[in-house]
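Visitor: Protein chains in written order, with our numbering: chain R, 6 to 309; chain H, 4 to 368; chain U, 11 to 452. Just so it is clear, CB atoms sit at the ideal spot from N, CA and C, and this is done for glycine as well. For reference, the structure I am asking about is given below.
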């Protein structure tokens, strides 16, 4: 029982992180209908920025953890959004209105480019930082097993929940949210009604990148190790999460992320860890067979 | 050509440097210069470049300067074959590589066709077990390594629970299987047998499982990056874990990434070349050039030394002569004296157990 | 969306400078965290190093590059306009001319590929790289059936390639089957897997289908890695027999009771014989694939694929069985991938799961899309480019893959429809180039 609780905590932490990244996939898909394969690498770039920022702070002898975290988050969000913007502007905008597959290939190219650019400029070695937040709370102490939740795990879950709430508010209540949703519905119509479509799409990319940046900082804090390859695996998982939840749906992305996190942790805990990915994709296939638009996705209306 | 040779001989007679006028002799290294394992490729390149510079400063091999060709296979078997073909075209006479066993195996079949001598550090038994005459290994094999580390665990952690974990790479799985076999043979049965996915960051599931089973010692087959993460997360989860690994744990990244938890890492490696008194000047030189001669750096250096000595002893760079000389002699390199058995494996593959301690590794007592 | 662009006013030099300045500024922002700052390992801890000189140089390059790019684009546009004014050819004429040019290009490529080993008979590297190109051409043609013709996005094509490769490897090493015996069986197995995968998921739409195929590719790979008893696990399968030339082995010495290729023809043994033989083998396989696919396009099933690609709802309204049509595309694509896999295993002599990763699927898909979906010749062009860019890149060492990624983005931005992009139905009522005849009939 205690063991299961611990795995639940681990799964939730992992899932929250997948969810944060999955939102980036889902928003971009919602608005321009493309799979942004470079999103995982944007996340990787943000993690590198976070490492640099943390190291700068360590050199400047900043010891207050909240101050350090705020600084790193701001720096990382700023630069990562710039990357999100630039990627959209160079690789996707010229392809808007062409075939559905062209931006996909461009995104794969961008992903390869970013990975290698980071490897060249920052080196191929892993970048470790000393633990930022140590310790945690012991939740349940049985003789056989001690359940604990680390402060960093708590931070990840709390941040994700807060961001999720803020995002839902933004999409449903603010003018930007309305513009964003109107572009999702019908870009031409939105443009005719005076919505600046280009700007809305750019902002969507920047927001997705900002969320990836938050995930990047969290990963850096939680795992303490970053390398230029992390974007790939996490990107595929987050994308799977977005599809599982129903691509285009924000709560769906979060739900998908959490589910994948939980599936991974419980499968690894009770069954064969080496077939974890088979389980993830197998469940995805099953869900899609029963619900072809994902868990919370709206069923597509076929228009003639 | 004739005139040039004449000129070279004349220069030689005058006591000048020889070889300048002759065509350079191409030798090659190959490994993952890009991709996930690029840091190993980097070590190989630094070691080989230094060795070539030193050899050329001594006047080259048989009067010819060496020219280093670098091949990048990114640890992808298909690219490895492509690299091998490029190298054959460049007319190399000696190859130090590849690094990943899964690259070395298909690439060596190209080299054997083209009569090129190969000295590799790939540790998978299959590399030499296929009986190719041109393939030599200047490092021990996974099965020998596993025998030493598995035996050590059985001797030192008799009453502890041990988990055997690997990363599903050819190298990691081979090593982990051998460790498990050696332990079982000495009467210590592993409590758990697990596998992880290399490149992942989250190991909380595995750690929970180890904690649940009361495991204190983990025998790990794989690379240092995963071990660092596992140790760090284990510490955060309140699990004190001792890890026994293989030769990849020599990488100092382990300590940087795992922090103080790295002091619980034991691993097997050939007797430390840095401790070899003969290697001291070379080690000094590397450190002066701001390269820590860790991991594969000195192996690459030694491979080039090996070629220099074999060619000098054979008085030829023809493949048949080189191979015969290689099998017959003993060669003094920075990683110790090398001689080869019939399959091309090292005759005395010493493996020693080390322990990381305060950022340095030393023989474990 | 079609946009009408009226004559754009030419930008003044001041505007150009401002534009370049803005781009350079963005470059600066992007460059600061990755180029300007770097973390270096100092005695087991990280420290931040600065490279502001490099950053300044990079920003200056971006500034100059932007100006130069615009200048070049202006030149190109002017020339194109001038040419358009000068020529009186209609769109149909031009499309017809382009089609002719592609035909010609095809014959030239065929001639060159047949003659290649004659000119490079002692250059392993060239022959071997050409073999790799042909493997990708074949894979591209196979995937073209699924993506280009039937319009189903498949991100896990590599799974069928793996099925083919492993079937041959296992049949030959375990049961002693020869290449020619194993080839059809492996192809059939791959096709079987295609149907097995396709059946439950083909009612999924577009991108949902993509992720499931991606998942399927990963599942196959993970199983191959873990099921050691069956597939050799991460060690892969080595010592896979090479195909023989009608029973003649390519070896230095003859096997017992057999004869070598060199011995039979009284030649000196050379490892090149096998390479050249493999090259011609894949050339023949690829040409057969091409003939097969071209033929299929003219049959009802091929037309059905293209109709499905253009409008699935209309197809259903016409009473076509979309599931069967999709399944046939999936199965045939998978079979061709399986054949390519068999050849790959036979050529490498060693396979391991590392050769069948998602990146491989992505590259095959890139070949199809870059080439211009549905265009057979485009696949050849794109495969050649995508194999040769990293190969030429070997001179740039660590910049190799960076250039590869950049090239993928640039080609796509430059030609969003692919290199040879005219998505023409194979049959149409009024054939192009014969507008007059059509009019007369009317």
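#1: Measure from the C-beta of residue 270(R) to each C-beta in chain H and report whether the shortest distance is under 8 Å.
#2: What is the DSSP secondary structure of residue 279(U), reduced to helix, strand or coil?
#3: Which residues bound the alpha helix (DSSP H) around residue 70(R)?
#4: What would DSSP say about residue 364(H), mapped onto helix, strand or coil?
#5: Of all Cβ atoms in chain A, is any one closer than 8 Å to the Cβ of residue 376(U)?
#6: Quick check on the DSSP output: what are the complete alpha helix (DSSP H) runs of length 4 or more inside the stretch 203–252 of chain R, in order along the chain?
#7: Please classify residue 24(H): does DSSP put it in a helix, a strand, or coil?
#8: Can you tell me where the alpha helix (DSSP H) holding residue 223(H) begins and where it ends?
#9: Taking just the CA atoms, how far does residue 54(H) sit from residue 304(H)?
#10: Are at least three pairs of beta-carbons, each pair with one atom in the stretch 333–345 of chain U and one in the stretch 150–164 of chain U, less than 8 Å apart?
#11: If you follow the alpha helix (DSSP H) that residue 289(H) is in, where does it begin and where does it stop?
#12: Can you give the Cα-Cα distance for residue 20(R) and residue 114(R), rounded to whole angstroms?
#13: Which residues in chain R have a C-beta closer than 8 Å to the C-beta of residue 209(H)? List them in chain order.
#14: Against chain R, does residue 402(H) count as a neighbour if the rule is that its beta carbon must be under 8 Å from one of theirs?
#15: Using a Cβ-Cβ cutoff of 7 Å, what residues of the stretch 251–263 of chain H are near chain R? List them in chain order.
#16: Any C-beta of chain U sitting closer than 8 Å to the C-beta of residue 47(R)?
#17: Look up residue 189(R) in the DSSP assignment and say whether it is helix, strand or coil.
#18: Does the stretch 176–186 of chain U touch the stretch 235–253 of chain U, meaning 3 or more C-beta pairs lie closer than 8 Å?
#19: Using CA coordinates, which residue listed in 339(H), 349(H), 286(H) and 268(H) is at the minimum distance from residue 366(H)?
#20: Rounding to the nearest angstrom, what Cα-Cα distance links residue 394(U) and residue 141(U) in this structure?
#21: If you run the structure through DSSP and keep just helix, strand and coil, what is residue 302(R)?
#22: By the criterion of Cβ-Cβ separation under 7 Å, what are the contact partners of residue 199(H) in chain R?
#23: Is the distance from the Cβ of residue 278(R) to the Cβ of residue 85(R) below 8 Å?
#24: Below 8 Å CB to CB, which residues in the same chain sit around residue 274(U) once its five sequence neighbours on both sides are set aside?
#25: Look at the alpha carbon of residue 69(U) and the alpha carbon of residue 122(R), and state the distance between them as a whole number of angstroms.
#26: DSSP on residue 288(R), reduced to helix/strand/coil?
#27: What residue range does the beta strand (DSSP E) around residue 197(H) cover?
#28: Considering only residues of the same chain and omitting the five flanking positions on each side of residue 41(H), which have a CB-CB separation below 6 Å?
#29: When you compare the CB positions of residue 172(U) and residue 351(U), do they come within less than 8 Å of one another, or not?
#30: Could you pull the start and end residues of the beta strand (DSSP E) that residue 32(R) belongs to?
#31: Does residue 110(R) come within less than 8 Å of chain U when only Cβ atoms are used?
#32: Taking all protein chains shown into account, do 16 or more other C-beta atoms lie within 10 angstroms of the C-beta of residue 84(U), making it buried, or fewer, making it exposed?
#33: Under a three-way DSSP split, which group does residue 69(H) fall into?
#34: For the beta strand (DSSP E) containing residue 55(U), list its first residue and its last residue.
#35: Which class does residue 277(R) belong to by DSSP, given the choice of helix, strand or coil?
#36: Which chain U residues are close to residue 112(H), counting only those with a beta carbon under 8 Å from its beta carbon?
Guide: If we stick to the structure as given:
#1: At least one CB atom of chain H sits nearer than 8 Å to the CB of residue 270(R).
#2: Three-state DSSP puts residue 279(U) in coil, outside helix and strand.
#3: Run containing residue 70(R): 70–92, per the alpha helix (DSSP H) assignment.
#4: Strand.
#5: Checking the listed chains, one finds no chain A in this structure; the protein chains it contains are R, H and U.
#6: Runs found: 235–250.
#7: Summary for residue 24(H): the model assigns pLDDT 44, below 50, so the residue's position carries little reliability; its value from the coordinates is reported in the next sentence. Three-state DSSP puts residue 24(H) in coil, outside helix and strand.
#8: Taken as a continuous stretch (DSSP letters only), residue 223(H) belongs to no alpha helix (DSSP H), being part of the beta strand (DSSP E) at 220–224.
#9: A straight-line Cα-Cα distance of about 5 Å links residue 304(H) and residue 54(H).
#10: Between the stretch 333–345 of chain U and the stretch 150–164 of chain U there are three or more C-beta pairs closer than 8 Å, enough to call the two in contact.
#11: Taken as a continuous stretch (DSSP letters only), the alpha helix (DSSP H) holding residue 289(H) covers 283–291.
#12: Linking residue 20(R) to residue 114(R) through their CA atoms gives a straight-line distance of about 28 Å.
#13: Think of a sphere of 8 Å around the beta carbon of residue 209(H): the chain R residues whose beta carbon falls inside it are 273 and 278, in chain order.
#14: This structure cannot speak to residue 402(H), because chain H is shown only from 4 to 368.
#15: Within the stretch 251–263 of chain H, those residues whose Cβ lies closer than 7 Å to any Cβ of chain R are, in chain order, 256, 259, 260 and 262.
#16: It does not; no Cβ of chain U falls within 8 Å.
#17: DSSP places residue 189(R) in helix when its eight states are reduced to three.
#18: The stretch 235–253 of chain U vs the stretch 176–186 of chain U: in contact.
#19: Per the Cα distances, 268(H).
#20: CA-to-CA, the gap between residue 394(U) and residue 141(U) works out to about 11 Å.
#21: Residue 302(R): coil per DSSP, three-state reduction.
#22: Here the neighbours are 278.
#23: No, Cβ-Cβ distance for residue 278(R) and residue 85(R) is not below 8 Å.
#24: For residue 274(U), where only same-chain residues beyond five positions count, the Cβ hits under 8 Å are 258.
#25: Going by C-alpha positions, residue 69(U) is about 15 Å away from residue 122(R).
#26: It is helical.
#27: Counted as a single uninterrupted DSSP element, the beta strand (DSSP E) harbouring residue 197(H) occupies residues 195–198.
#28: Here the set comprises 35.
#29: In this structure, residue 351(U) lies closer than 8 Å to residue 172(U) by Cβ.
#30: Not the beta strand (DSSP E): residue 32(R) falls in the alpha helix (DSSP H), residues 7–37.
#31: At least one chain U Cβ lies under 8 Å of residue 110(R).
#32: With fewer than 16 other Cβ atoms within 10 Å, it is exposed.
#33: DSSP, read as helix, strand or coil, puts residue 69(H) in strand.
#34: Annotation for residue 55(U): the continuous beta strand (DSSP E) segment containing it runs 55–60.
#35: Residue state, collapsed to three classes: coil.
#36: Those within 8 Å of residue 112(H) in chain U are 359 and 360.
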